[in-house]
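Visitor:
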Amino acid sequence: MNDKVYIEFPARIVIIGFGSIGQGVLPLILRHIGVPPARISIVTAEDHGRRIAEEYGVKFVKEALTRENFRRILDVIVGRGDFVLNVSVEVSSIALIKYCRERGAMYLDTCIEPWPGGYTSPTVAIAKRTNYALREEAIALKRDNARAPTAVITHGANPGLVSHFVKQALLNIAADLGVEAKPNTRIEWAKLARQLGVTTIHIAERDTQQSNVPKRMNEFVNTWSVDGFVGEGSQPAELGWGTHERNFPRDAKRHEGGCGAAIYLMQPGAGTRVRTWTPKAKNFMGYLITHGESISIADYLSVRDTLEAVYRPTVHYAYHPSDAAVLSVHELQGRNWEMQESKRIMMDDIVSGIDELGVLIAGHKKNAYWYGSQLSVEEARRLAPHNQATSLQVTISCLAGMVWAMENPNCGLREPDEIDFRRVLGICMPYLGPVVGEYTDWTPLSDRERLFPEDIDTSDPWQFKNVRVF
């Protein structure tokens, strides 16, 4: 087991939220960051997890953070040089980033979270409920970045780890095609993707973990935060929009301002399906769930002539969660997106399965290349306590992002695409199970029209029109 301490940290760590990710990341922090339990505090809205906090001897504060009280509660435990890890739901990331900057503290989260209602309230304009809008609000803080405390946003498994997978995969493809590649800057990475002919990137994930407790009626079952999944699944479907696309979706909208790298559909992501592929699952249907990486990767890999993009890949998430979660989404949709009365996160009841999470990079001379993690629940449990396959892919990426931030404490706001991918992958690799790269001749047109004719554009199999299930 890897017990290396990556950095000695002399200040305090505050973990906001203590669900499956908070509980899973705590033992990793204590294992790999030199900080005594007495300098770690947990602030959470719910009581579950208190036993784990007591097991490790860390302070546990049961208090829901709101617009009105978060400063009063955090002022006691957050100061200059401290670190705030936000793995909560319905606590504004923007508010916390600004607060940490005022207090001189570093910050990391796994998604850009709004205050309650920000994802689903009918009083909020649909365009404002998108991750695009949340990201634009966050990156606007870069204007005051000079020597500001480091704040790493959206650094879980996805978004987060997958951005580093993309960079390693691009280097692997370049090596296999005999293309010399030593990218360093953002524009160099974008030009490499363009040179390789990449048109499409799927964040392709298939979770096969099975519980020995069947899903019950009016229960939402998932392998990570139910509230988080339902929230993002109820947001509009979003994707980075590539310059090669020729068929603009009928139900799609463009944003009026910002980077222009993404579009959104006028329907929930958990109600939108797309075709994708992973090495073990082969071809399958995934949900087009909105995620920050779909926007940040597309933006990062854009080549622009003045302000207009002349190259950009289409980027989106294609997620097949556990079978129990699929049943839960089906029931949720039938309830018109009103969450079930009961919710359960699969953990100790999981009896088998893996989380196959990676990036499918397509359009180049070798068609498509998947690169990612195939972590089993058995190995996850062996590697770290209070984790299963899905949670460990997130928690180890949180840990790696924290280490990088502590090593680079005054870099201001950063996205995953803007930090050292080699450092992050080096920390994560011992916890990801088999990390594989595999080429495939599969395309979204493979074995199509076997039962019924379809409206297919065969000139480019990777166009979004051919990927989405209308």
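Residue 450, in this note's numbering, is where the sequence shown stops; the numbers in between run on with no holes. Positions of the beta carbon are idealized from the N, C-alpha and C atoms, including for glycine.
Does the Cβ of residue 208 have 16 or more other Cβ atoms within 10 Å, making it buried, or fewer, making it exposed?
Guide: Locating residue 208 in the sequence shown gives position 228, where the first residue counts as 1. Label assigned to residue 208: buried.
Visitor: Is residue 296 buried or exposed, if buried means 16 or more other CB atoms sit within 10 Å of its CB?
Guide: Along the sequence shown, read from residue 1 onward, the residue named residue 296 stands at position 316. Buried, by the Cβ-count rule.
Visitor: Would you identify the three-state DSSP class for residue 274, choosing helix, strand or coil?
Guide: Locating residue 274 in the sequence shown gives position 294, counting from the first residue. The answer is helix: DSSP assigns residue 274 an H, G or I state.
Visitor: From the DSSP output, in three-state form, read off residue 209 for me.
Guide: Position 229 of the sequence shown, counted from the start, is the residue given in the question as residue 209. In the structure shown, residue 209 sits in a helix (DSSP, three-state: H, G or I).
Visitor: With DSSP run on the structure shown, which of helix, strand or coil describes residue 175?
Guide: Your numbering for residue 175 matches position 195 in the sequence shown. Residue state, collapsed to three classes: helix.
Visitor: Roughly how many angstroms separate the alpha carbons of residue 323 and residue 71, rounded to a whole number?
Guide: Counting from one through the sequence shown, the residue named residue 323 turns up at place 343. Counting from one through the sequence shown, the residue named residue 71 turns up at place 91. Looking at the two C-alpha atoms, the distance is approximately 20 Å.
Visitor: Measuring alpha carbon to alpha carbon, tell me which of 437, 411, 320, 394 ends up nearest residue 116.
Guide: The residue given as residue 116 occupies position 136 in the sequence shown. Nearest option by C-alpha distance: 394.
Visitor: So, residue 134 versus residue 183, is the Cβ gap smaller than 9 Å?
Guide: Translated into positions along the sequence shown, residue 134 becomes position 154. Translated into positions along the sequence shown, residue 183 becomes position 203. No. Outside cutoff.
Visitor: Considering only DSSP beta bridges, list what residue 327 is partnered with.
Guide: The residue given as residue 327 occupies position 347 in the sequence shown. Beta-bridge pairing links residue 327 to no other residue.
Visitor: Let's test the definition: count the other Cβ atoms within 10 Å of the Cβ of residue 106 and tell me whether it reaches 16, buried, or not, exposed.
Guide: Along the sequence shown, one-based indexing puts residue 106 at 126. Under this definition residue 106 is an exposed residue.
Visitor: Smallest Cα separation from residue 404: which of 179, 141, -4, -7?
Guide: Taking the sequence shown and counting its residues from 1, the one referred to as residue 404 is at position 424. Of the candidates 179, 141, -4, -7, the one whose C-alpha sits nearest the C-alpha of residue 404 is 141.
Visitor: I think residue 128 touches residue 392, with their Cβ atoms under 8 Å apart; what is that distance to the nearest whole Å?
Guide: Here residue 128 refers to the residue found at position 148 of the sequence shown. Here residue 392 refers to the residue found at position 412 of the sequence shown. Confirmed, about 4 Å.
Visitor: Going by DSSP, what residue range makes up the beta strand (DSSP E) through residue 181?
Guide: Reading the sequence shown from its first residue, position 201 is the one you call residue 181. That run of the beta strand (DSSP E) goes 180 to 187.
Visitor: Would you say residue 424 and residue 186 are within 9 Å of each other, going by their C-beta atoms?
Guide: In the sequence shown, counting from the first residue as 1, residue 424 sits at position 444. In the sequence shown, counting from the first residue as 1, residue 186 sits at position 206. No; because the gap between Cβ atoms is not below 9 Å, this pair is not in contact.
Visitor: Return the chain-ordered list of same chain residues with a C-beta closer than 6 Å to the C-beta of residue 65, the five sequence neighbours on each side being excluded.
Guide: For this step, residue 65 is matched to residue 85 along the sequence shown. Answer for residue 65: -5, 88, listed in chain order.
Visitor: Is residue 337 closer than 9 Å to residue 137 when the C-beta atoms are compared?
Guide: For the purposes of this step, residue 137 is taken as the residue at position 157 of the sequence shown. For the purposes of this step, residue 337 is taken as the residue at position 357 of the sequence shown. Yes, the pair counts as a contact, with Cβ atoms nearer than the cut-off.
Visitor: Going by beta carbon distance, what residues of the same chain come within less than 7 Å of residue -13, once the five residues before and after it are set aside?
Guide: Looking up residue -13 in the sequence shown gives position 7. Answer for residue -13: 13, 14, 383, 386, 387, listed in chain order.
Visitor: If you draw a straight line from the alpha carbon of residue 247 to that of residue 215, how long is it in whole angstroms?
Guide: Taking the sequence shown and counting its residues from 1, one reaches residue 247 at position 267. Taking the sequence shown and counting its residues from 1, one reaches residue 215 at position 235. Cα-Cα distance, rounded: 8 Å.
Visitor: Just the Cα atoms here: how many angstroms apart are residue 204 and residue 409?
Guide: The residue given as residue 204 occupies position 224 in the sequence shown. The residue given as residue 409 occupies position 429 in the sequence shown. Roughly 21 Å separates the two Cα atoms.
Visitor: Straight-line CA distance for residue 201 to residue 211?
Guide: Within the sequence shown, residue 201 is the residue found at index 221, counting from 1. Within the sequence shown, residue 211 is the residue found at index 231, counting from 1. Roughly 14 Å separates the two Cα atoms.
Visitor: Please tell me whether residue 179 and residue 343 are closer than 9 Å, where the distance is taken between their beta carbons.
Guide: Against the sequence shown, residue 179 aligns to sequence position 199. Against the sequence shown, residue 343 aligns to sequence position 363. Going by C-beta atoms, residue 179 is nearer than 9 Å to residue 343.
Visitor: Residue range of the alpha helix (DSSP H) that residue 74 falls in?
Guide: One-based indexing of the sequence shown puts residue 74 at position 94. Where residue 74 is concerned, the enclosing alpha helix (DSSP H) stretches over 73 to 83.
Visitor: Taking 9 Å as the threshold (C-beta atoms), are residue 42 and residue 176 in contact?
Guide: Sequence index remark: in the sequence shown, residue 176 carries index 196 (1-based). Sequence index remark: in the sequence shown, residue 42 carries index 62 (1-based). No, these two residues do not count as a Cβ contact at 9 Å.
Visitor: Determine the DSSP secondary structure at residue 235, reduced to helix, strand or coil.
Guide: Translated into the one-based positions of the sequence shown, residue 235 becomes position 255. Here residue 235 sits in coil by DSSP.
Visitor: Just to confirm, are residue 118 and residue 73 a CB contact at a threshold of 9 Å?
Guide: Numbered from 1 along the sequence shown, position 138 holds the residue referred to as residue 118. Numbered from 1 along the sequence shown, position 93 holds the residue referred to as residue 73. Contact: yes.
Visitor: Counting only the same chain and skipping the five closest in sequence on each side, list residues whose C-beta sits under 8 Å from that of residue 236.
Guide: The residue you call residue 236 lines up with position 256 of the sequence shown. Within the same chain, residue 236 has close Cβ partners 107.
Visitor: With DSSP as the reference, label residue 347 as helix, strand or coil.
Guide: For the purposes of this step, residue 347 is taken as the residue at position 367 of the sequence shown. In this structure, residue 347 counts as strand in the three-state DSSP scheme.
Visitor: On a CA-only basis, which of 348, 351, 165, 366 is nearest residue 282? Give me that one, please.
Guide: As a first step, residue 282 is located in the sequence shown; it is residue number 302 there, counting from the start. Measuring from the Cα of residue 282, the nearest candidate turns out to be 165.
Visitor: DSSP on residue 397, reduced to helix/strand/coil?
Guide: Here the question's residue 397 lines up with position 417 in the sequence shown. Three-state result, residue 397: helix.
Visitor: Per DSSP, what kind of secondary structure is residue 341 in: helix, strand or coil?
Guide: Locating residue 341 in the sequence shown gives position 361, where the first residue counts as 1. Residue 341: strand per DSSP, three-state reduction.
Visitor: Thinking C-beta only, is residue 169 closer than 9 Å to residue 195?
Guide: Here residue 195 refers to the residue found at position 215 of the sequence shown. Here residue 169 refers to the residue found at position 189 of the sequence shown. No; because the gap between Cβ atoms is not below 9 Å, this pair is not in contact.
Visitor: Is DSSP giving residue 373 helix, strand or coil here?
Guide: As a working note, residue 373 is residue 393 in the sequence shown. Residue 373: helix per DSSP, three-state reduction.
Visitor: In terms of alpha-carbon separation, which member of 412, 380, 411, 414 lies closest to residue 399?
Guide: Along the sequence shown, read from residue 1 onward, the residue named residue 399 stands at position 419. Of the listed residues, the one whose Cα sits closest to residue 399 is 380.
Visitor: Compute the Euclidean distance between the alpha carbons of residue 36 and residue 5, then round it to the nearest angstrom.
Guide: As a first step, residue 36 is located in the sequence shown; it is residue number 56 there, counting from the start. As a first step, residue 5 is located in the sequence shown; it is residue number 25 there, counting from the start. Taking the straight line joining both Cα atoms gives about 12 Å.
Visitor: Have a look at 267, 284, 357 and flag the residue whose alpha-carbon is nearest the alpha-carbon of residue 240.
Guide: For this step, residue 240 is matched to residue 260 along the sequence shown. Selected option, being the one with the closest Cα: 284.
Visitor: Residue range of the alpha helix (DSSP H) that residue 36 falls in?
Guide: Counted from its first residue, the sequence shown places residue 36 at position 56. Run containing residue 36: 30 to 36, per the alpha helix (DSSP H) assignment.
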